[in-house]
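Undergrad:
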Amino acid sequence: MKLVTLIGALVLSVAVVAAPQSRNDEDIEDLLPLAQSCDPTICTPPNCRCSSTTLDESIPHEQTPQLVMMTFDDAVTALNYEYIAEAFAGRRNPDNCPVAATFFVSHEYTDYSKVHSLWAQGHEIALHSITHTPSTEYWKSASVETMIAEFGDQRDMLAHFAAIDRDDIVGVRVPHLQLSGNNSFEAIRRFGGLYDCSWPTQNFVAPGMWPFTLDYTSTMDCPLGLCPTASIPGVWVMPMLDWIDTEGYMCAMVDTCPHLPADDVDETFEWMKENFLRIYNSNRAPFGVFLHSAWFLTRQSNYPAYKKFVDYMNSLDDVYLVSVSKAVEYTRNPRAVTGTSAVPPEIPLPEEEEVVPPQPQPQPQPQPQPQPQPDSAQESEQEVDDENSIEHEVEEEHDHEHDHDHEEHDHDHEEHEHSHEQEAEHEIPNIEPRRRFRRQSRPNQAFDQCQLTHENTCVPKLCQLTKVSTGEERWMTSCAPCPAVYPWLGNPLGLREVPQPEPEDK
Ligand SMILES: *[C@@H]1O[C@H](CO)[C@@H](O)[C@H](O)[C@H]1NC(C)=O
Ligand SMILES: [Zn+2]
9 MKLVTLIGAL
19 VLSVAVVAAP
29 QSRNDEDIED
39 LLPLAQSCDP
49 TICTPPNCRC
59 SSTTLDESIP
69 HEQTPQLVMM
79 TFDDAVTALN
89 YEYIAEAFAG
99 RRNPDNCPVA
109 ATFFVSHEYT
119 DYSKVHSLWA
129 QGHEIALHSI
139 THTPSTEYWK
149 SASVETMIAE
159 FGDQRDMLAH
169 FAAIDRDDIV
179 GVRVPHLQLS
189 GNNSFEAIRR
199 FGGLYDCSWP
209 TQNFVAPGMW
219 PFTLDYTSTM
229 DCPLGLCPTA
239 SIPGVWVMPM
249 LDWIDTEGYM
259 CAMVDTCPHL
269 PADDVDETFE
279 WMKENFLRIY
289 NSNRAPFGVF
299 LHSAWFLTRQ
309 SNYPAYKKFV
319 DYMNSLDDVY
329 LVSVSKAVEY
339 TRNPRAVTGT
349 SAVPPEIPLP
359 EEEEVVPPQP
369 QPQPQPQPQP
379 QPQPDSAQES
389 EQEVDDENSI
399 EHEVEEEHDH
409 EHDHDHEEHD
419 HDHEEHEHSH
429 EQEAEHEIPN
439 IEPRRRFRRQ
449 SRPNQAFDQC
459 QLTHENTCVP
469 KLCQLTKVST
479 GEERWMTSCA
489 PCPAVYPWLG
499 NPLGLREVPQ
509 PEPEDK
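Residue numbers (my numbering): 9 to 514.
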């Protein structure tokens with residue numbers, strides 16, 4: 009009898025103790041709310057979007073800009089930097105903004121001064137983990153804590169060693185595209201990222217799946233495994249629309265397609281174009297050209313074909329080569345774009361980039377509201393004449409150089425000019441004809457503003473360091489002062505660790 013009472017008391021006390029324990033963080037993490045089905049009348053942009061192949065009923069196909077995301081995975085090195093810089097130098101989109109690519113950077117062997125240069129040119133820098141561990145099992149079973157240590161900490165690492173704005177680093181691609189279900193996305197939510205771009209689709213290629221948030225259940229297929237089922241509000245998924253190779257196999261990364269055409273520039277180019285047109289001619293969901301730059305070296309024709317492909321897409325007046333975060337931005341604020349009056353591809357734009365150094369763009373100014381675009385249709389009607397629009401473009405380039413001269417002497421002046429431009433509608437009498445003319449020469453407005461570029465302020469330092477976990481030597485080029493040890497998981501800034509003997513300084 010007595011024993012029973014004792015056990016009863018024990019059970020009771022365990023229950024009493026257990027109740028408050030279930031409120032600690034670990035248990036809450038296990039109990040993310042299960043996502044419910046998505047109602048597009050409740051889940052609406054800019055902060056929520058159901059998974060769907062329809063962007064916005066009010067925007068017709070031919071007025072949807074085709075956004076193209078050129079991305080590169082893994083270390084940024086002095087060698088691959090040259091290839092990439094050459095492929096994009098001086099290119100502009102139909103809105104006259106510089107084109108941009110996205111770099112999913114892994115830490116080891118990365119040259120941080122080159123990362124800085126890419127960022128300064130307006131490319132997007134995103135996260136691809138500190139360790140880039142080869143084991144897919146590691147990534148599949150990664151906890152939220154591991155994901156934060158690999159990606160959240162890498163954000164601090166990149167911001168520090170590449171001297172770039174931490175807020176600009178918002179994207180994630182998991183190594184091997186191996187998601188860990190809810191954890192991958194919950195980690196992004198917790199460290200304040202914006203999107204993941206590791207989730208391929210085979211079922212929603214043409215028409216393609218537009219980006220969506222994880223507030224509710226998505227309808228997207230999950231070909232590689234461990235996709236999220238919890239509700240993780242505010243985190244965006246940029247679907248990787250699979251390519252199709254010459255034998256009909258689907259591949260998320262261009263360089264993992266098993267069957268390529270012959271090693272011939274034209275044939276490889278035609279195959280890339282075919283993959284592009286599949287989406288361009290369907291619903292124009294953001295189209296990805298996802299690569300490792302090592303692909304440029306695996307066959308003779310790959311790099312020339314790639315450049316020819318970029319030339320081709322860049323010649324179309326409704327195609328925009330933008331960063332992944334810019335494509336998310338557009339999806340959050342979609343708008344119709346009239347793309348019929350841009351410069352025809354046969355006539356090259358003036359090559360001003362060769363002589364004018366990259367121009368720092370003014371800081372984003374709080375704009376009253378994205379201006380409604382009823383005037384854009386009118387503007388484009390005034391520009392049906394191609395010859396005219398060439399003149400406009402040339403005029404604009406001159407204007408640009410002019411601005412630049414002023415900018416060097418007086419930065420305030422530049423800012424004034426910009427606020428004039430924004431208030432154009434209200435202040436027409438005060439604006440010289442030339443400035444109104446410049447506005448009219450921009451019929452394609454997919455975005456409120458161009459991707460920002462920055463002054464290159466990195467003074468590279470070459471650091472000889474020890475990787476503590478293995479004792480190996482690593483060289484690292486940094487914009488920040490050299491760290492004490494090679495930065496790594498758990499020590500992303502390379503601070504001095506306890507048992508480390510003094511390195512011999514040179
Ligand atoms: C994700 O979270 C949901 C809701 O808590 C849960 O049912 C599911 O098992 C989780 N999935 C994984 C892979 O952890
Ligand atoms: Zn990788």
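Beta carbons: idealized from backbone N, C-alpha and C, even for Gly. Predicted, not measured: the structure shown is a model, and the values here were computed from it.
Excluding five sequence neighbours on each side, which residues of the same chain lie with their C-beta closer than 7 Å to the C-beta of C235?
TA: Here residue 235 corresponds to residue number 227 of the sequence shown, with the count starting at 1. Counting only Cβ-Cβ distances below 7 Å, and skipping sequence neighbours, we find L187, G189 and W207.
Undergrad: For S59, name the three-state secondary structure that DSSP assigns.
TA: Stepping through the sequence shown from its first residue, residue 59 is reached at position 51. Residue state, collapsed to three classes: coil.
Undergrad: Between S323 and K316, what straight-line distance do the alpha-carbon atoms span, to the nearest angstrom?
TA: Your numbering for residue 323 matches position 315 in the sequence shown. Your numbering for residue 316 matches position 308 in the sequence shown. Approximately 11 Å, taken between the alpha carbons.
Undergrad: Would you mind listing the beta strand (DSSP E) stretches within the stretch 49-96 that are 3+ residues and don't spill past its ends, in chain order?
TA: Listed in chain order, they are 74-81.
Undergrad: Would you say the beta carbon of A195 comes nearer than 8 Å to a heavy atom of ligand 1?
TA: The residue given as residue 195 occupies position 187 in the sequence shown. False, no ligand heavy atom lies under 8 Å from that Cβ.
Undergrad: To the nearest angstrom, how far is the alpha carbon of T237 from that of V243?
TA: In the sequence shown, residue 237 corresponds to position 229, counting from 1. In the sequence shown, residue 243 corresponds to position 235, counting from 1. Each residue's alpha carbon lies about 13 Å from the other.
Undergrad: Who are the near neighbours of L268 in its chain, counting only those whose CB is closer than 8 Å to its CB and skipping five residues on each side?
TA: Taking the first residue of the sequence shown as 1, we reach residue 268 at position 260. Closer than 8 Å at the Cβ level, and outside the excluded window around L268, lie D253, T254, T276, W279 and R307.
Undergrad: Note down the Cα distance separating G502 from A492, rounded to an integer number of angstroms.
TA: Residue 502 sits at position 494 when you count from the first residue of the sequence shown. Residue 492 sits at position 484 when you count from the first residue of the sequence shown. Distance from the CA of G502 to the CA of A492, rounded to the nearest whole angstrom, comes to 6 Å.
Undergrad: Considering L166, what are the terminal residues of the alpha helix (DSSP H) in which it resides?
TA: The residue you call residue 166 lines up with position 158 of the sequence shown. Unbroken alpha helix (DSSP H) run through L166: D161 to F169.
Undergrad: Would you give the residue range spanned by the beta strand (DSSP E) that V245 belongs to?
TA: In the sequence shown, the residue the question calls residue 245 occupies position 237. For V245, the enclosing beta strand (DSSP E) starts and ends at I240 to V245.
Undergrad: Using the DSSP secondary-structure output, state which residues sit across from M484 in a beta bridge.
TA: Reading the sequence shown from its first residue, position 476 is the one you call residue 484. Partner(s): C471.
Undergrad: Any C-beta of chain B sitting closer than 9 Å to the C-beta of C490?
TA: Judged by its chain identifiers, the structure shown contains no chain B, having just a single protein chain.
Undergrad: If F193 and D204 are in contact, beta carbons under 8 Å, what's the gap, nearest whole angstrom?
TA: Residue numbering aside, residue 193 sits at position 185 when the sequence shown is read from its first letter. Residue numbering aside, residue 204 sits at position 196 when the sequence shown is read from its first letter. Their Cβ separation, rounded to whole angstroms, is 6 Å, which keeps F193 and D204 in contact under 8 Å.
Undergrad: For the beta strand (DSSP E) that A134 lies in, which residues bound it at each end?
TA: On the sequence shown, position 126 is the one that residue 134 refers to. A134 -> beta strand (DSSP E) spans E132 to L135.
Undergrad: May I ask you to list the residues that DSSP assigns as paired with H462?
TA: Indexing the sequence shown from 1 puts residue 462 at position 454. H462 is not bridged to any residue.
Undergrad: Just reading off the alpha helix (DSSP H) that L285 is part of, what are its end residues?
TA: Mapped onto the sequence shown, residue 285 falls at position 277. Where L285 is concerned, the enclosing alpha helix (DSSP H) stretches over V273 to Y288.
Undergrad: Between the Cα of H80 and the Cα atoms of H136, G160, W496 and L42, which residue gives the shortest distance?
TA: Numbered from its first residue, the sequence shown carries residue 80 at position 72. Note that residue 80 is Phe in the sequence shown, not His. The shortest C-alpha separation from F80 is found at H136.
Undergrad: Taking the alpha-carbon positions, what's the V318 to N101 distance?
TA: On the sequence shown, residue 318 is found 310 positions in, with the first residue counted as 1. On the sequence shown, residue 101 is found 93 positions in, with the first residue counted as 1. Answer to the nearest angstrom: the Cα atoms are 11 Å apart.
Undergrad: In chain order, what residues of the same chain have a beta carbon less than 8 Å from the beta carbon of S45, not counting five sequence neighbours either side?
TA: Mapped onto the sequence shown, residue 45 falls at position 37. Within the same chain, S45 has close Cβ partners Y224 and T225.
Undergrad: From the DSSP secondary-structure annotation, give me the bridge partner or partners of Y328.
TA: Along the sequence shown, read from residue 1 onward, the residue named residue 328 stands at position 320. Paired residue(s): L75.
Undergrad: Three or more C-beta pairs closer than 8 Å, one from the stretch 458-465 and one from the stretch 335-348: is that the case here?
TA: no
Undergrad: CA-CA distance, V364 and H300?
TA: What you label residue 364 is simply residue 356 of the sequence shown in a count that begins at 1. What you label residue 300 is simply residue 292 of the sequence shown in a count that begins at 1. At V364, the pLDDT of 38 sits below 50, so the modelled position is not reliable; the number obtained from the coordinates is stated separately. Their Cα atoms are separated by approximately 30 Å.
Undergrad: Please report the straight-line C-alpha distance between V178 and M155, rounded to a whole angstrom.
TA: Along the sequence shown, read from residue 1 onward, the residue named residue 178 stands at position 170. Along the sequence shown, read from residue 1 onward, the residue named residue 155 stands at position 147. So the alpha carbons of these two residues sit roughly 14 Å apart.
Undergrad: Mind listing, in chain order, the residues whose beta carbon lies closer than 5 Å to a non-hydrogen atom of ligand 1?
TA: L40, L42, G189, N190, T237 and A238
Undergrad: Please state the DSSP three-state secondary structure of I177.
TA: Start at 1 with the first residue of the sequence shown, and residue 177 comes out as number 169. Collapsing the DSSP output to three states places I177 in coil.
Undergrad: Determine the DSSP secondary structure at I196, reduced to helix, strand or coil.
TA: Stepping through the sequence shown from its first residue, residue 196 is reached at position 188. Here I196 sits in helix by DSSP.
Undergrad: Take A344 and list the residues in its own chain whose beta-carbon comes closer than 6 Å to its own, dropping the five residues that flank it on each side.
TA: The sequence position of residue 344 within the sequence shown is 336, counting from 1. I67 and Q71.
Undergrad: Compare the C-alpha of F169 against each of V152, S121 and R482 and name the closest.
TA: Position 161 of the sequence shown, counted from the start, is the residue given in the question as residue 169. Checking every option, the nearest Cα to that of F169 belongs to S121.
Undergrad: Pull up the distance between the alpha-carbon of P547 and that of N341, whole angstroms please.
TA: Nothing can be reported for residue 547: it is not among the residues displayed for the chain, which extend from 9 to 514.
Undergrad: With T61 and F295 assumed to form a contact (beta carbons below 8 Å), what rounded beta-carbon distance in angstroms separates them?
TA: Numbered from 1 along the sequence shown, position 53 holds the residue referred to as residue 61. Numbered from 1 along the sequence shown, position 287 holds the residue referred to as residue 295. The Cβ separation is near 13 Å, so there is no contact.
Undergrad: Rounded to whole angstroms, what's the CA-CA distance from A313 to I172? Just pull it up for me.
TA: Along the sequence shown, read from residue 1 onward, the residue named residue 313 stands at position 305. Along the sequence shown, read from residue 1 onward, the residue named residue 172 stands at position 164. Looking at the two C-alpha atoms, the distance is approximately 32 Å.
Undergrad: DSSP three-state call for F212: helix, strand or coil?
TA: In the sequence shown, the residue the question calls residue 212 occupies position 204. Coil, per DSSP.
Undergrad: With distances taken Cα to Cα, identify the nearest neighbour of I287 among M248, L305, P266 and Y257.
TA: The residue labelled residue 287 in the question sits at position 279 within the sequence shown. Looking at the Cα atoms, M248 is the closest of the given residues.
Undergrad: Can you tell me whether T209 is buried or exposed? The criterion is at least 16 other CB atoms within 10 Å of its CB, across all chains shown.
TA: For this step, residue 209 is matched to residue 201 along the sequence shown. Label assigned to T209: buried.
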